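Below is the structure:
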């Protein structure tokens, strides 16, 4: 990209969930128009976009019309067919590129690419049959984690194998013909580094963020991480190397394990803004969504400096229960509430998030958990 895409242009987003919504809000604040594309209507992103394309991802005619209506396209959802980027690239740029998307949406390609670039990942084996899974478990031992090669998220499409006797049942439950077996990582904590890079190679980063999960879904994120400086520096260096080896233009998140013996291993990458980075909206000078706009448009990247210690807590559909959450109780506290405009609250569904700023991550963590608890009807 030689000439920047300036405010007044129209930006396209593949996917129309909450990540697209927050991107659209950031883009419109900077003076851009936004079109979104997904199979659904009245979506979180569509509610704040200028135009909502509702069509299947394999509808090449509608994809072409979408691409012709915008100046650049980015992602908030990476599990789209490869033909999507092939179609769009005939009409406008796509960032991150289709090659980055192809690597990130298949765990075997992802782990192989990162390993071959000299980056540390858990030991793994490709599996295409129950016989291969038995052999891989014999090699890597138990416990180990088997995951479908594509489409899984928030713990879906994966299972922990504690005993070789479970292999047949687990393989059948995955209902796939391509999977990956990973050696179980005895980790001390989980980190994520969200970064942005533009076409000139300028790179900025947030974090690392320290993440805690419940039932495989991100629960609470704190920043700074509270870990020693050398751990943070090594995590940031790993993220920078990922951006460079994949030649990423846009925003990408690198999810990491810090092992009990001090190693840093890449768990997975996401070529888009990330749930853990939502706290940047309130806690940083330039949020991850504005960085995404800047990066894909060829603009200088923003200052990623942090304004205060912060914690973010997801608000899931479980909070609704039999009645509406106690919004007044939460809003009486010193936190920031972000709701995503989803009509139906379901258990495990991400409906919004809360961010707390404080003088320490311990206070921020305590405050954000207390605020979320105040939503529950007693």
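Residue numbers (this note's numbering): 8 to 385. Glycine included, C-beta positions come from ideal geometry on N, C-alpha and C. None of these values were measured; they are calculated from a predicted model.
- Boundaries of the beta strand (DSSP E) harbouring residue 275: 271-277, taken from the DSSP string.
- Distance from residue 198 to residue 215 at the Cβ level is roughly 4 angstroms; contact confirmed, criterion being Cβ atoms closer than 8 angstroms.
- Here residue 220 has 226 as same chain residues with Cβ atoms under 6 angstroms from its own Cβ, once five neighbours each way along the sequence are excluded.
- In the DSSP assignment, residue 191 is bridged to no other residue.
- When only Cα atoms are considered, residue 126 and residue 93 end up about 29 angstroms apart.
- By the Cβ rule, the region 172-190 does not count as touching the region 227-238, because fewer than three pairs are nearer than 8 angstroms.
- The Cβ atoms of residue 291 and residue 320 do not sit closer than 8 angstroms to each other.
- Of the residues assessed, residue 10 falls on the exposed side of the cut-off, its CB having fewer than 16 other CB atoms within 10 angstroms.
- Of the other Cβ atoms in all chains shown, fewer than 16 fall within 10 Å of the Cβ of residue 353; this residue is therefore exposed.
- Boundaries of the beta strand (DSSP E) harbouring residue 58: 58-61, taken from the DSSP string.
- Rounded to the nearest whole angstrom, the CA to CA distance from residue 331 to residue 269 is 44 angstroms.
- Per the Cβ contact rule, the region 257-277 is in contact with the region 295-308 (3 or more Cβ pairs under 8 angstroms).
- For the pair residue 249 and residue 298, the Cα-to-Cα distance works out to about 18 angstroms.
- Within the region 116-162, the beta strand (DSSP E) runs of at least 3 residues that lie entirely inside it are, in chain order, 131-134 and 151-155.
- Under a 10 Å Cβ-count criterion, residue 169 is classified as exposed, with fewer than 16 other Cβ atoms of the shown protein chains found around its own Cβ.
- The three-state reading of DSSP puts residue 14 in strand, counting E and B together.
- As summarised for the region 311-384, the continuous alpha helix (DSSP H) elements at least 4 residues long and confined to that stretch are 334-338 and 368-380, given in chain order.
- The criterion of a C-beta distance shorter than 8 angstroms is satisfied by residue 57 and residue 40.
- Cβ contact annotation for residue 327 (same chain, cutoff 6 angstroms, sequence separation greater than five): 352, in chain order.
- If you draw a straight line from the Cα of residue 274 to the Cα of residue 234, it is about 18 angstroms long.
- When C-alpha distances from residue 73 are compared across 109, 20, 25 and 104, the shortest belongs to 20.
- Fewer than three beta-carbon pairs drawn from the region 106-115 and the region 60-80 are found closer than 8 angstroms, and the two stretches are therefore not classed as touching.
- Look at residue 87 here: in three-state DSSP terms it is coil, with no helix or strand label.
- DSSP places residue 202 in the strand class (E or B) of the three-state scheme.
- Contact between residue 185 and residue 156 holds: CB atoms are separated by about 4 angstroms, below the 8 angstroms threshold.
- Under the DSSP assignment, residue 180 falls in the alpha helix (DSSP H) whose first and last residues are 174-181.
- Counting along the chain, no alpha helix (DSSP H) covers residue 50, and no H or E run does either.
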